[in-house]
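See below for the structure under consideration.
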Amino acid sequence: MMMSAPQNSSENVSKSTIWKTYQDKDPTKDLLQIVGTEKIQSMLLDRNVLKKLVWQQVANDMAALGYDLGPDGGKACHQKWRNLKRAYIMYITKPGHRDPPYIKELQKALETTRKLIMPPANRVKPEVGNVSVNSELFEPELCSESASHSPNKSSNISVHVADVLAVMVKNNEERQKQEEVFEAAYEQRFKRLETLLQQQSEQLERLNEVMLEVSKQCGKKRKFCESLQSE
């Protein structure tokens, strides 16, 4: 069940931008629940859907709960999701790290219907359980692995999948950078076009002024010539 937006007796959450401090726990849990829904997961897996639109939909769902995400809600949600995935990758690949916040919600958000990703054997906890991820993350040979394998093999598989997740995070960041570069270039071209149109308008205005002045001078000369002829 989706958690409702947190209420504060002194200030409503919709009056301030979230994720400015580490105390914004409820918005993060709601974000993970939204990302884990079948609707959002299917959109993320659809290569024909622009990912920017997916995260804008996530931002819209967050806004419907009363959260203020600032001027670019989709970007804020996407950045928060990447940060949470980085924390999870560090958790399952490097020993000694504390359980990241929202571990249960994050694992649930990563669930799909096929392959499993498990923390290393020395990190498995009964209350955490297994975590599912998108089947596209796995190589074919991982499909035949079973839960009866030794802890060492299970750990190796977990590290391998974490590496794949890390690559996906990197690819998503590069794709986002490319989109930002494209948008910046488009905006720059638009500004140049706007400047050229403005210059053209100013030149036409000056040309009209010159033509008007020439017309006045010609009229004065014509009157002067007519006055000379009349004398």
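Numbering-wise (UniProt numbering), the sequence shown opens with residue 1 and increments by one. We put the beta carbon where it would ideally sit given N, CA and C, even for glycine.
Taking all protein chains shown into account, P27 has 16 or more neighbouring C-beta atoms within 10 Å of its C-beta and is therefore buried. Assigned with DSSP and collapsed to three states, D26 falls in helix. Within a 10 Å sphere around the beta-carbon of T195 sit fewer than 16 other beta-carbons, which makes this residue exposed. In the structure shown, D68 adopts extended strand secondary structure according to DSSP, grouped into three states. Separation of T37 and L193 (C-alpha to C-alpha, rounded to the nearest whole angstrom) is 43 Å. In this structure, the alpha-carbon of E179 lies about 9 Å from that of K52. In the structure shown, the three-state DSSP call for R47 is coil.
Here I18 carries a coil assignment [DSSP, helix/strand/coil]. Cα atoms of H78 and Q198: separation of roughly 38 Å, rounded to the nearest angstrom.
If the five residues before and after P100 are omitted, its C-beta is found closer than 8 Å to the C-beta atoms of L84, A87, Y88, M90, Y91 and L106, all from its own chain and listed in chain order. The alpha-carbon separation between K191 and V181 amounts to approximately 15 Å. Here the alpha carbon of L110 sits roughly 24 Å from the alpha carbon of D72.
Distance from the CA of C225 to the CA of Q188, rounded to the nearest whole angstrom, comes to 55 Å.
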